[in-house]
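Each remark here refers to the structure printed beneath this line.
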């Protein structure tokens, strides 16, 4: 039996509800895969804690995240809880956590499951690609910095380094080597998204991309300007397998990606470093839904599935990899059946109903394979 210590950060708003739903699913995983043991320890962090104590991420919670095998975060932040300078507390906490854990690559799958709503007319070739955004540099390197000249001029600096870009691009190619390729024809391909025709920093990003690509001759690669990419993602999403880009571009395009495959309620994510990893849904805290048991937990559940896959890949644990597949397949089954779904995707089921449906689908699948 392999035991993994998981730091849970339920956070704010709908966060505790989607985390509780995800724990129902993880409990089922442990029951069906007895060689996996998850030691899940919950910690308070976020806006509500800041309202009470003036801290979003206490040192003991950060230490627990650093000591854990993985961190599973639900949602952090509330619009009415702000720092003295008027900014929300969520960005400060998240950027600080990413830097402390050195999470260089943010991973946002864009996958259309059968039964999930999609605004596009033609999805016959399928949508299944992954957006990888550099997570510590780019325009976000200016967070907490920048400069002001009186009340007339404000500047922020976009930072691209060879070390940081090489890490995220290398991760993109490693991920492409494990995937089945783009849905249209199975071709493994990594696409660089930039604005290299205008900005020197982006031209440097593209140069590093090509330098790293040379180490992976078996994987196709190309480059697309970010404005064109926003068009292609809507017109021809099946053209893409893995796409990699600077932090701000990824922040924007990943939400566009979620929009074409059912919304943020179906958008999981991972943030990967050399030693640590954090997993969280793409959505926010939706305080207007908090306490109503109607929030969609599937993004958090799918993020937990990504966590199991990362643990399996990192520790060469076939049981964890199998459990990750079981979680994703169960979500796909529930969506395909269309009987249990939350209001955001056209249903009337509760958060808890969806969690139990996914857990039940895991049980049924494992029992049928036995």
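In the numbering used here, the protein residues as written are 522 to 891.
Glycine residues also receive a C-beta, built at the ideal position from the N, C-alpha and C atoms.
Can you tell me the Cβ-Cβ gap for residue i and residue j, rounded? I've got them flagged as a contact below 8 Å.
i: residue 566; j: residue 578; result: 5 Å
i: residue 727; j: residue 717; result: 4 Å
i: residue 848; j: residue 550; result: 7 Å
i: residue 767; j: residue 665; result: The pair is not a contact, with the Cβ atoms about 18 Å apart (cut-off 8 Å).
i: residue 560; j: residue 840; result: Contact flag wrong, Cβ pair sits at about 16 Å.
i: residue 781; j: residue 639; result: 6 Å
i: residue 870; j: residue 861; result: 5 Å
i: residue 892; j: residue 844; result: Residue 892 falls outside the range modelled here, since the chain spans only 522 to 891, and no answer is possible.
i: residue 688; j: residue 751; result: Actually they do not touch by this definition, with Cβ atoms about 25 Å apart.
Kindly indicate which residue of the options has the alpha-carbon position closest to the one of residue i.
i: residue 619; options: 887, 796, 871 and 645; result: 796
i: residue 743; options: 694, 683 and 808; result: 694
i: residue 596; options: 611, 755, 583 and 825; result: 611
i: residue 805; options: 822, 799 and 786; result: 786
i: residue 641; options: 663, 671, 672 and 753; result: 753
i: residue 707; options: 634, 672, 649 and 874; result: 649
i: residue 921; options: 603, 711 and 691; result: Outside the displayed span of the chain (522 to 891) sits residue 921, for which this structure offers no information.
i: residue 605; options: 587, 637 and 576; result: 576
i: residue 643; options: 755, 890, 628 and 617; result: 755
i: residue 617; options: 645, 601, 580 and 868; result: 580
i: residue 646; options: 757, 834 and 827; result: 757
i: residue 601; options: 838, 769 and 534; result: 534
i: residue 663; options: 698, 859, 564 and 613; result: 613
i: residue 682; options: 725, 698 and 661; result: 725
i: residue 624; options: 890, 889 and 692; result: 692
i: residue 628; options: 733, 827, 698 and 564; result: 827
i: residue 568; options: 868, 733 and 615; result: 615
Does the beta-carbon distance from residue i to residue j come in below 8 Å?
i: residue 882; j: residue 855; result: yes
i: residue 700; j: residue 765; result: no
i: residue 866; j: residue 778; result: no
i: residue 825; j: residue 622; result: no
i: residue 542; j: residue 821; result: yes
i: residue 709; j: residue 741; result: yes
i: residue 651; j: residue 630; result: yes
i: residue 802; j: residue 599; result: no
i: residue 836; j: residue 523; result: yes
i: residue 594; j: residue 799; result: yes
i: residue 703; j: residue 759; result: yes
i: residue 591; j: residue 831; result: yes
i: residue 872; j: residue 863; result: yes
i: residue 585; j: residue 558; result: no
i: residue 609; j: residue 887; result: no
i: residue 770; j: residue 712; result: no
Decide if residue i is buried, meaning its Cβ has at least 16 other Cβ atoms within 10 Å, or exposed.
i: residue 531; result: buried
i: residue 738; result: exposed
i: residue 731; result: exposed
i: residue 574; result: exposed
i: residue 684; result: exposed
i: residue 907; result: Residue 907 lies beyond the range of the chain shown here (522 to 891); nothing can be said about it.
i: residue 719; result: exposed
i: residue 686; result: buried
i: residue 714; result: buried
i: residue 673; result: exposed
i: residue 632; result: buried
i: residue 690; result: buried
i: residue 723; result: buried
i: residue 544; result: buried
i: residue 875; result: buried
i: residue 667; result: exposed
i: residue 501; result: Residue 501 lies beyond the stretch modelled for the chain, which goes from 522 to 891, so this question has no answer here.
i: residue 833; result: buried
Do three or more CB pairs link the region 811-818 to the region 530-546 at distances below 8 Å? Output reads yes: the region 530-546 touches the region 811-818.
Check whether the region 772-781 touches the region 745-754, taking contact to mean three or more Cβ pairs, one atom from each stretch, closer than 8 Å. Touching, per the Cβ criterion.
Should the region 805-814 be regarded as contacting the region 787-795, the criterion being three or more beta carbon pairs within less than 8 Å? No, because fewer than three Cβ pairs between the region 805-814 and the region 787-795 fall closer than 8 Å, the two stretches do not touch.
Under 8 Å, with one C-beta from each stretch per pair, do the region 648-657 and the region 670-678 reach the 3-pair mark? Because the criterion of three Cβ pairs below 8 Å is not met, the region 648-657 and the region 670-678 do not touch.
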